[in-house]
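Using full-length UniProt numbering, you'd call the opening residue of the sequence shown number 1 and step up by one each time.
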Amino acid sequence: MVADIKEQFNNDFRRVTASQISAAMNSECSIQMAGFEGQLCRDTVRKNACKLLSVLRMNATDAQACNAIGLC
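Here's what the structure looks like:
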């Protein structure tokens, strides 16, 4: 999912907002996970969008970003 987000924003998060990250990740959660798992994914993203954005701005790997918000 993180790789898809990086691609969507061309790996440039300088002008991306937490709301944009949240919306993009919520879409990925819905695509990749169904039912209860999808809802947990969206809840996790909602609670951690600022943290995820911060990590992505530091050029974190996909695994680092995923681990930072507890989705791995």
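In this text, a Cβ means the ideal position worked out from N, Cα and C, and glycines have one as well. The structure displayed is predicted, hence computed values, not measured ones.
{"Asked": "Any alpha helix (DSSP H) of 4 or more consecutive residues that is wholly inside the UniProt domain \"Saposin B-type\" (1-72)", "Found": "2-8, 18-32, 35-57 and 62-69"}
{"Asked": "Reference R14, options A34, A63, L56 and T61, closest by Cα", "Found": "L56"}
{"Asked": "A24 versus R46, N59 and N67, residue with shortest Cα-Cα distance", "Found": "R46"}
{"Asked": "Best match in Q8, I21, F9 and I5 for proximity to N48 [C-alpha to C-alpha]", "Found": "I21"}
{"Asked": "9 Å Cβ cutoff met for A18 and C66", "Found": "no"}
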